[in-house]
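Presented below is the structure to which this report refers.
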Ligand code: ADP
Ligand code: MG
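Residue numbers (the UniProt record's numbering): 350 to 599.
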């Protein structure tokens with residue numbers, strides 16, 4: 350059933366997340382261990398102060414990651430006010446090293462805070478899925494641009510936020526466009542699950558939003574463009590409708 354699939358995908362994501370957190374935390378801890386070792390034998394106090402400063406920075410990073418993880422697992426039962434810029438930054442904090450290892454150039458365009466109501470853990474999952482797809486599509490030395498913009502209430506969709514993720518990959522494969530949001534549809538063979546976009550669309554719709562993926566025409570980003578619209582207020586009606594849909598027959 351759909352619910353069982355979602356539970357499975359959540360487990361798979363939790364596993365991948367645990368591995369990436371271990372990876373993210375290991376490196377700064379390793380640096381701290383080395384710095385402490387150096388400080389122990391350092392006679393020059395200016396030098397040891399410098400090492401301590403570095404150790405402090407690395408420790409801050411570990412603490413920031415653990416704070417992010419704590420907020421991820423404290424999911425509220427009703428939509429809460431959240432800042433999408435902060436949410437994007439916290440997603441990127443966890444993906445940072447991975448993107449750096451791939452030498453991906455990331456351009457952030459989030460000039461201001463954008464407050465909406467929603468479920469932060471779920472939205473973080475959507476953003477992670479989309480950014481990981483962009484990284485996989487653009488490969489080593491690729492480019493990703495992420496834009497966050499608030500949408501004024503006078504727009505036809507009403508007030509909300511738009512998040513756009515563009516990449517320098519090859520774009521959507523021919524004939525794939527119609528199937529991208531289908532569960533298990535992947536063009537990545539064994540490396541893909543084909544669940545990322547399907548799960549993401551479900552979450553965005555639960556928030557009363559829309560999600561589209563198309564080819565980008567921006568000169569530096571000839572790959573895909575994912576555009577997500579999220580309303581400022583998650584309407585109770587759309588949440589109820591989605592619940593009814595989930596409970597109903599396939
Ligand atoms: P997976 O990443 O495991 O393949 P997804 O549901 O995340 O599953 O994506 C489904 C398919 O959508 C991918 O296999 C790919 O063909 C296509 N796709 C998603 N994002 C992009 C992108 N940024 N560029 C090109 N194709 C994409
Ligand atoms: Mg994916």
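Every residue, glycine too, gets a C-beta built ideally from N, C-alpha and C.
- Assignment of beta-bridge partners to residue 464 by DSSP yields 432.
- Closer than 7 Å to some heavy atom of ligand 1: that describes the Cβ of residue 516.
- Distances taken from the Cβ of residue 477 to the heavy atoms of ligand 1 include none shorter than 7 Å.
- Counting only the Cα atoms, residue 556 lies some 12 Å from residue 475.
- Of the other Cβ atoms in all chains shown, fewer than 16 fall within 10 Å of the Cβ of residue 426; this residue is therefore exposed.
- If you check the CB distance, residue 574 and residue 563 come in under 8 Å.
- Within the chosen limit of 7 Å, ligand 2 reaches the beta carbon of residue 482 through at least one heavy atom.
- Within the region 475-557, the complete alpha helix (DSSP H) segments of 4 residues or longer fall at 545-555, listed in chain order.
- If the five residues before and after residue 440 are omitted, its C-beta is found closer than 8 Å to the C-beta atoms of 473, 476, 477 and 480, all from its own chain and listed in chain order.
- For residue 573, the enclosing beta strand (DSSP E) starts and ends at 573-580.
- Exposure of residue 522 is indicated by the presence of fewer than 16 other C-beta atoms within 10 angstroms of its C-beta.
- If you compare the alpha carbons of 429, 448 and 468 with that of residue 554, the shortest gap goes to 468.
- In this structure, the straight-line span from the alpha carbon of residue 398 to that of residue 384 is close to 11 Å.
- By the 16-neighbour rule on beta-carbons within 10 angstroms, residue 357 is exposed.
- Assignment of residue 393 by DSSP, reduced to helix, strand and coil, places it in the coil class.
- The residue from 508, 387 and 459 with its alpha-carbon nearest to that of residue 433 is 459.
- The C-alpha of residue 505 lies about 26 Å from the C-alpha of residue 547.
- Distances from the CB of residue 551 to the heavy atoms of ligand 1 are all 7 Å or more.
- In the three-state reduction of the DSSP assignment, residue 381 falls in the helix class.
- For residue 445, no pairing in a beta bridge is given by DSSP.
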